[in-house]
Amino acid sequence: MSTAILTGQPVPGSSIEGDLRSLGFDVQVAADAADAERLVAEAPCEQRVALVDARFVGHVHALRLGLTDPRFPLAALPGAVTAQPDGRATLTRALARENSAGGGTALAVDSLPDRIVTALADDGAEVHRPELGSLVAAVPADPQARNEARQAVADVDDEAVRLKSAVKSRDGFFTTYCISPYSRYIARWCARRGLTPNQVTTASLITALVAAACAATGTRGGFVAAGVLLIASFVLDCTDGQLARYSLQYSTLGAWLDATFDRAKEYAYYAGLALGAARGGDDVWALALGAMVLQTCRHVVDFSFNEANHDATANTSPTAALSDKLDSVGWTVWVRRMIVLPIGERWAMIAVLTAATTPRITFYALLVGCAFAATYTTAGRVLRSLTRRAQRTDRAAQALADLADNGPVASFVTRATRARLGAPLLVAAAGTAVLAVSLFSGVTWAPVAGALVYAVTAGQALYRPLKGALDWLVPPLFRAAEYGTVLVLAAQADVKGALPAAFGLVGAVAYHHYDTVYRIRGNAGAPPAWLVRAAGGHEGRTLLVAVLAALLTASQFTVALTVLAVAVALLVLVESIRFWVSAGAPAVHDEGEPA
Numbered sequence: 357m358s359t360a361i362l363t364g365q366p367v368p369g370s371s372i373e374g375d376l377r378s379l380g381f382d383v384q385v386a387a388d389a390a391d392a393e394r395l396v397a398e399a400p401c402e403q404r405v406a407l408v409d410a411r412f413v414g415h416v417h418a419l420r421l422g423l424t425d426p427r428f429p430l431a432a433l434p435g436a437v438t439a440q441p442d443g444r445a446t447l448t449r450a451l452a453r454e455n456s457a458g459g460g461t462a463l464a465v466d467s468l469p470d471r472i473v474t475a476l477a478d479d480g481a482e483v484h485r486p487e488l489g490s491l492v493a494a495v496p497a498d499p500q501a502r503n504e505a506r507q508a509v510a511d512v513d514d515e516a517v518r519l520k521s522a523v524k525s526r527d528g529f530f531t532t533y534c535i536s537p538y539s540r541y542i543a544r545w546c547a548r549r550g551l552t553p554n555q556v557t558t559a560s561l562i563t564a565l566v567a568a569a570c571a572a573t574g575t576r577g578g579f580v581a582a583g584v585l586l587i588a589s590f591v592l593d594c595t596d597g598q599l600a601r602y603s604l605q606y607s608t609l610g611a612w613l614d615a616t617f618d619r620a621k622e623y624a625y626y627a628g629l630a631l632g633a634a635r636g637g638d639d640v641w642a643l644a645l646g647a648m649v650l651q652t653c654r655h656v657v658d659f660s661f662n663e664a665n666h667d668a669t670a671n672t673s674p675t676a677a678l679s680d681k682l683d684s685v686g687w688t689v690w691v692r693r694m695i696v697l698p699i700g701e702r703w704a705m706i707a708v709l710t711a712a713t714t715p716r717i718t719f720y721a722l723l724v725g726c727a728f729a730a731t732y733t734t735a736g737r738v739l740r741s742l743t744r745r746a747q748r749t750d751r752a753a754q755a756l757a758d759l760a761d762n763g764p765v766a767s768f769v770t771r772a773t774r775a776r777l778g779a780p781l782l783v784a785a786a787g788t789a790v791l792a793v794s795l796f797s798g799v800t801w802a803p804v805a806g807a808l809v810y811a812v813t814a815g816q817a818l819y820r821p822l823k824g825a826l827d828w829l830v831p832p833l834f835r836a837a838e839y840g841t842v843l844v845l846a847a848q849a850d851v852k853g854a855l856p857a858a859f860g861l862v863g864a865v866a867y868h869h870y871d872t873v874y875r876i877r878g879n880a881g882a883p884p885a886w887l888v889r890a891a892g893g894h895e896g897r898t899l900l901v902a903v904l905a906a907l908l909t910a911s912q913f914t915v916a917l918t919v920l921a922v923a924v925a926l927l928v929l930v931e932s933i934r935f936w937v938s939a940g941a942p943a944v945h946d947e948g949e950p951a
């Protein structure tokens, strides 16, 4: 149990002690600052400890936001400061210095927690201060101020504020107006029954898998049920995050589950649609794989652009200024969010088309919509990059290099070659173009030659730091090249099972790339070098698939793709699970709606 230590002059009739207990704190009272220091030292080191002024007046949810959020080692709000185990030593030092400076003599007329927060800031400690909005948190200095603060508390319904704040501040149109108005109440229902966000996330995954199974039946009833269940899965997907924000139940495991399950649900549903179509005599596996490739490449564009620019200096451009200006016009905000086809709009479209049409029509609409969205967003980001004068950091360049996923072949090329072919993006684009031409040449061994050229250019592209204006396009180019090679060669095999096997392989590799993204976002670095080497890197896998396609018969190639898919999936999944359940894994919580 966490410990809250009340400091300062007690106020008759105050509810602060009961409020703290309702939040799970064991409440103790300090006679003076020295006593507070002693109680902090005696509190178990593995527990959270909080210092709260006994005169505090405010909403319970304000205390909850300031004192119970697990994401921050140190946090504060007016009249209160808290430290998790990672921040206990810093808090203890600040408290000891405050006492040694004679701060205890001012305890009755000044707020000890606020003085400690000032001392922490002077030391350069990072103290989280939650956005309270209309919530009240104050330490009144006299009876009149106390009465005014109590009236302000009575004027604001903190439960309504809590429900509202459970919803993301930036969501898509469909999510904002068709899901969140009621999913927030589902989140509250779950919280009151002790359910955790991870349980809701798992329920969302199971619902989506059942939806995929219904789609795989290939019957009209199955398609209708699949559409309904897919929307239900999305409702639960919104609910888990809202539950986490409503009850502040953030966790590393929850962050990982939320980050990966969305992609697993969507791509499993694609597979279910393809299986259902096959039962009706229509082979749409190429469309399903194409949709997965396009969607994953869209995400890599998002991730690469953000990583390249989030800590850049002098990071301004006329295009960005225009975008900010458009954001001030209400209707343009929603139009711009909808045309990028974010997850809410996309899943709604897939669900409706599944229930009302055929899998082929569903995939056609999905491909056209995602292609338009990808073109719109990529063009805008290219324009921003060309018009801004950003100075990219070494960290950004390293993140892009990690996202590139170069393996042992490209690394050998980097070490062994002396000649430098040119700018990273131009080199990568040239290698990708050669590979693309070779895939459609009709010559058996041409893809192998193209893959060799591609491997050489992959090594050359990362010879210098990726700090150019458009170098963030290098990782998306590599993703498109690798996934596209698997898709084209499997389609050219023209044998039953080749495209489903290719779907599995691309899905396994895509998981590895998503895993890399979320490690980087959590400042945990790229996956270990041994994993990248064992998985072959993007250029090694591309070359291997090209060689297998040239050497083996169509049936043998299908078996080889299946074996490769299983091997890659086991390799990356085992390492990913090991990392994300370890103590050192970062808690990555994405507050924006992914595309």
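Residue numbers for the sequence shown follow my numbering, beginning at 357 and rising by one. Think of the CB as a built atom: it goes at the ideal place given N, C-alpha and C, for glycine as much as any other residue.
Distance check between Leu826 and each of Phe796, Ala752, Arg771, Val851 places Ala752 closest, using alpha-carbon atoms only. Annotation for Ala727: Leu650 place their beta carbon closer than 8 Å to its own, counting only its chain and skipping 5 residues before and after. In the DSSP assignment, Ile361 falls within the beta strand (DSSP E) that extends over 358-363. The count of Cβ pairs closer than 8 Å, one atom from the region 747-766 and one from the region 872-889, reaches three, so the stretches are in contact.
In this structure Met705 is not in contact with Gly528, their Cβ atoms being roughly 12 Å apart against a cut-off of 8 Å. Between the C-alpha atoms of Ala910 and Ala849 there is a straight-line separation of about 5 Å. Thr438 sits in a strand when the DSSP states are folded into three classes.
The C-beta distance from Leu362 to Val385 rounds to 5 Å, short enough to meet the 8 Å contact threshold.
Bounds of the alpha helix (DSSP H) holding Gln912 are 910-936.
Counting only residues of its own chain and dropping the five nearest sequence neighbours on each side, Phe834 has a CB closer than 6 Å to the CB of Ala760, His894.
With fewer than 16 other beta carbons inside 10 angstroms of its own, Ala772 counts as exposed. Per DSSP, the unbroken beta strand (DSSP E) holding Phe381 starts and ends at 381-385. For Val517 and Ala902, the gap between their C-alpha atoms comes out near 57 Å.
Assigned with DSSP and collapsed to three states, Gly414 falls in strand. A Cβ-Cβ contact shorter than 7 Å links Leu604 with Thr424.
In this model, Pro499 and Ala389 are separated by some 23 Å (Cα to Cα). DSSP, reduced to helix, strand and coil, places Asp409 within a strand of the structure shown. In terms of Cβ geometry, Ala547 and Tyr602 form a close pair [threshold 7 Å].
The residue from Gln598, Thr743, Lys852 with its alpha-carbon nearest to that of Lys524 is Gln598. Rounded to the nearest angstrom, the gap between the Cα atoms of Val580 and Ala711 is 4 Å. Close CB contacts of Leu592 within its chain, under the 7 Å cut and outside five residues either way in sequence, are with Val556, Ala559, Ser560, Thr563 (chain order). Taking each of Ala846, Ala891, Val888, Ala866 in turn and checking the Cα distance to Thr914, the smallest one comes out for Ala846. Excluding five sequence positions before and after Thr841, the CB atoms of its chain that fall closer than 8 Å to its own CB belong to Leu791, Leu795, Pro803, Ala807, Thr898, Val901, Ala902, given in chain order. If the five residues before and after Arg540 are omitted, its C-beta is found closer than 7 Å to the C-beta atoms of Leu519, Ala522, Val523, Gln598, all from its own chain and listed in chain order. According to the DSSP secondary-structure assignment, Gln403 is paired through a beta bridge with no residue. A distance below 7 Å separates the beta carbons of Ala615 and Tyr874.
Checking the DSSP bridge columns, you'll see His484 partnered with Ala431. Between Tyr810 and Gly824, the C-beta gap is not smaller than 7 Å, which leaves the two residues out of contact.
Look at Gln605 here: in three-state DSSP terms it is coil, with no helix or strand label. Sequence-distant partners of Phe530 (beyond 5 residues in either direction) whose C-beta falls short of 6 Å from its own C-beta, in its chain, are Gly700, Glu701, Ala704.
Counting only unbroken stretches of 4 or more residues, the alpha helix (DSSP H) elements lying wholly within the region 767-809 are 780-795, in sequence order. Between the beta-carbon of Leu407 and that of Leu468 there is about 6 Å, and that keeps the pair under the 8 Å contact cut. Around Leu376, the same chain offers Ala360, Val383 as residues with beta carbons nearer than 6 Å, after the five sequence neighbours per side are excluded. A residue is called buried once 16 or more other Cβ atoms fall within 10 Å of its Cβ, and Cys401, having fewer, is exposed.
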